[in-house]
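*Asks:* Before I ask anything, here is the structure I am working with.
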Amino acid sequence: GDADRRTEARRRVACVITGVSAGLPSSGDGPVFRPDNMSRLVRGENCIGSVSGTTKAALLDKKVVQLKKMPDGSRKKVPVENESDVIQLAAQLGTVDLTDAYGVPPGLAETMDVAAQVAVAAGMEALKNAGLVPGKSAEPSQWKLPEAYRDTTGVVYASSFPAMDAAVGEVMRFLQSKTVGAADTMRLVSALRGRMVRASHERELSDDDEAAFARLLSRAREIEGVNEETASEDDAISCASQVEYEFDRKFLFRVLVLGNSQLAQLAGIRGPNTQTNAACAGTTQAIAMAQDMLISGRAKRVVVVAGDNASGDTLLPWLGSGFRALGAATTSPSVSEAACPFDSRRSGMLLGAGAIGMVLETEDSCQDRLKLGGGPRP
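If you're matching positions, the sequence shown starts at 287 in our numbering and goes up one per residue.
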């Protein structure tokens, strides 16, 4: 009757969280995933530190112009021209090594950017916390789901800036290879001689010019430690090849949003699999999507993972400048003054990075696993 249908509906809707994990930034260069991360959150441990001088210079180079509303209602364009006016603090990630921790093949790990790597690691840790995988060593089999659970487990991956770390990083690497600062002296001298030859009507240089270039090359060899007695005419070319750009052949894999698929591949998950981007509400949306999968009966458990690296060396100069242009980022150098979001003293937000993992499971599935002795850990 109706009572039975209501009971059945409640059983389908009821879901529990059986595993959690968190990857946190740190003020130093420590590991992203530490056993006491949850305790660190509860204690309110500071994960914010100063950004490097190189990053501040990169922020200043972006020539941000903030549109500021004045007290009289007028608008004024205010250029950011001093280092004290750029972002001073951020919560930045430490180290994560998927190969050492989870036995991920190095080639596969290289196809992921940092956001995907920390999300995959968070998923592994959440599965371990839920008692679904042993996770006692870096042996890959220790992180594989039992066969009985593979078809009924899904994945939802949330990220605000997926694959941007890899895309922007590759473009910047290419552009840097084209700058004068990236070239050695011999390469510059050789390039200059080539341009002068091409500009000459006779396609050759005068004896005086050739002698001048010979002296420049000789001096360049001294500076760069090339032995004049053994140096050949191709030294400039061989030296230049050391800094020449080479396209990353894994670029396509790195710019595709594959964190959810890669987690499924590593853990042996064969259930529903998707990713979402809802900016700051990404994880909340992912949890709602996971619950829908459970309610509809498409899965008995879903691993929700989220990862972002907005404060990394590659993205911070760009994303930080974006928030700065909006007037939304604080420029305070003091953590106590900058990290007060609900205080009247607040002056803007801080950029951060991190990852979370969560296993959502139907209550029936959890109870069945408890009976078999493979349920969530206390």
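Glycine is no exception: its CB is placed at the ideal position from the N, C-alpha and C atoms.
Residues in the same chain with beta-carbon distance under 7 Å from A449, minus the five sequence neighbours each way, listed in chain order, please.
*Replies:* Taking the first residue of the sequence shown as position 1, residue 449 is located at position 163. Non-local beta-carbon contacts of A449 in its own chain, meaning distances under 7 Å to residues more than five positions away in sequence, involve D399, R540, V541, L542, V543 in chain order.
*Asks:* How would you call G598, buried or exposed, if buried means at least 16 neighbouring beta carbons within 10 angstroms?
*Replies:* Here the question's residue 598 lines up with position 312 in the sequence shown. It counts as buried.
*Asks:* Taking just the CA atoms, how far does L646 sit from T616?
*Replies:* The count along the sequence shown starts at 1 and reaches residue 616 at position 330. The count along the sequence shown starts at 1 and reaches residue 646 at position 360. Spanning the two alpha carbons is a distance of roughly 36 Å.
*Asks:* I need the boundaries of the beta strand (DSSP E) containing Q561, first residue and last residue.
*Replies:* For this step, residue 561 is matched to residue 275 along the sequence shown. 559-562 is the span of the beta strand (DSSP E), which, as asked, contains Q561.
*Asks:* Buried or exposed: which applies to T304, given that a residue is buried once 16 or more other Cβ atoms fall within 10 Å of its Cβ?
*Replies:* Here the question's residue 304 lines up with position 18 in the sequence shown. Flag for T304 reads buried.
*Asks:* Using alpha carbons as the reference points, say which of L461, S492, L418 lies closest to E433.
*Replies:* Looking up residue 433 in the sequence shown gives position 147. If we check each option's Cα against that of E433, L418 comes out closest.
*Asks:* Since D594 is in the alpha helix (DSSP H), which residue starts that stretch and which ends it?
*Replies:* Walking along the sequence shown from the start, residue 594 turns up at place 308. Premise fails: D594 lies in the beta strand (DSSP E), 587-595, not in any alpha helix (DSSP H).
*Asks:* Could you give the distance in angstroms between the alpha-carbon of A485 and the alpha-carbon of V475?
*Replies:* On the sequence shown, position 199 is the one that residue 485 refers to. On the sequence shown, position 189 is the one that residue 475 refers to. One Cα belongs to A485, the other to V475, and the distance between them is close to 15 Å.
*Asks:* Given 8 Å as the limit, is there contact between the segment 388-403 and the segment 352-366, that is, 3 or more CB pairs closer than that?
*Replies:* no
*Asks:* Using a threshold of 8 Å, state whether the C-beta atoms of Y388 and A407 are closer than that.
*Replies:* If you number the sequence shown from 1, residue 388 lands on position 102. If you number the sequence shown from 1, residue 407 lands on position 121. In this structure, A407 lies closer than 8 Å to Y388 by Cβ.
*Asks:* Among residues of its own chain, excluding the 5 on either side of G330, which ones have a beta-carbon nearer than 6 Å to its beta-carbon?
*Replies:* Mapped onto the sequence shown, residue 330 falls at position 44. Answer for G330: no residue qualifies.
*Asks:* Using DSSP with H/G/I as helix, E/B as strand and the rest coil, what is S446?
*Replies:* If you number the sequence shown from 1, residue 446 lands on position 160. Coil at S446, not helix or strand.
*Asks:* Nearest to M324 by CA position, among N415, K354, A405, D371, is which residue?
*Replies:* Working through the sequence shown from its first residue, we reach residue 324 at position 38. Considering only alpha carbons, the answer is N415.
*Asks:* So, helix, strand or coil for E331, using DSSP?
*Replies:* In the sequence shown, residue 331 corresponds to position 45, counting from 1. Three-state result, E331: coil.
*Asks:* Assuming A639 and L379 form a contact by the criterion Cβ under 8 Å, report the distance between their Cβ atoms to the nearest whole angstrom.
*Replies:* By 1-based counting over the sequence shown, the position of residue 639 is 353. By 1-based counting over the sequence shown, the position of residue 379 is 93. Contact holds; Cβ gap of about 5 Å.
*Asks:* Out of curiosity, what's the CA-to-CA distance linking M644 and Q577?
*Replies:* Residue mapping note: residue 644 aligns to position 358 of the sequence shown, counting from 1. Residue mapping note: residue 577 aligns to position 291 of the sequence shown, counting from 1. Spanning the two alpha carbons is a distance of roughly 12 Å.
*Asks:* Which same chain residues, not among the five before or five after A564, have their C-beta less than 6 Å away from its C-beta?
*Replies:* Taking the first residue of the sequence shown as 1, we reach residue 564 at position 278. Counting only Cβ-Cβ distances below 6 Å, and skipping sequence neighbours, we find Q571.
*Asks:* Is it buried or exposed, A596, if we count other Cβ atoms within 10 angstroms and call 16 or more buried?
*Replies:* Stepping through the sequence shown from its first residue, residue 596 is reached at position 310. A596 should be labelled buried.
*Asks:* Applying the 10 Å Cβ sphere with the 16-neighbour rule, what's the burial state of T340?
*Replies:* What you label residue 340 is simply residue 54 of the sequence shown in a count that begins at 1. By the neighbour-count rule (16 or more Cβ atoms within 10 Å), T340 is not buried but exposed.
*Asks:* Quick check on this structure: which residue in S370, K355, A289 has the alpha carbon closest to the alpha carbon of S620?
*Replies:* In the sequence shown, the residue the question calls residue 620 occupies position 334. Among S370, K355, A289, the Cα nearest to that of S620 is on S370.
*Asks:* Would you be able to state if there are at least three C-beta pairs under 8 Å between the segment 577-587 and the segment 600-616?
*Replies:* no
*Asks:* Just checking, does the segment 547-564 make contact with the segment 424-440 on the three C-beta pairs under 8 Å criterion?
*Replies:* Touching, yes.
*Asks:* Do A401 and G593 have their CB atoms nearer than 8 Å?
*Replies:* Position 115 of the sequence shown, counted from the first residue, corresponds to residue 401. Position 307 of the sequence shown, counted from the first residue, corresponds to residue 593. Taking 8 Å as the Cβ cut-off, A401 and G593 qualify as a contacting pair.
*Asks:* Whole angstroms are fine: how far does the CA of E532 sit from the CA of T516?
*Replies:* Taking the sequence shown and counting its residues from 1, one reaches residue 516 at position 230. Taking the sequence shown and counting its residues from 1, one reaches residue 532 at position 246. Confidence at T516 is low in this model, with a pLDDT of 49, below 50, so the placement of that residue should be treated as unreliable; the coordinate-derived value is given next. Rounded to the nearest angstrom, the two C-alpha atoms are 28 Å apart.
*Asks:* Flag this pair as yes or no: are the beta carbons of G545 and A405 separated by less than 8 Å?
*Replies:* Position 259 of the sequence shown holds residue 545. Position 119 of the sequence shown holds residue 405. The answer is yes: Cβ separation under 8 Å.
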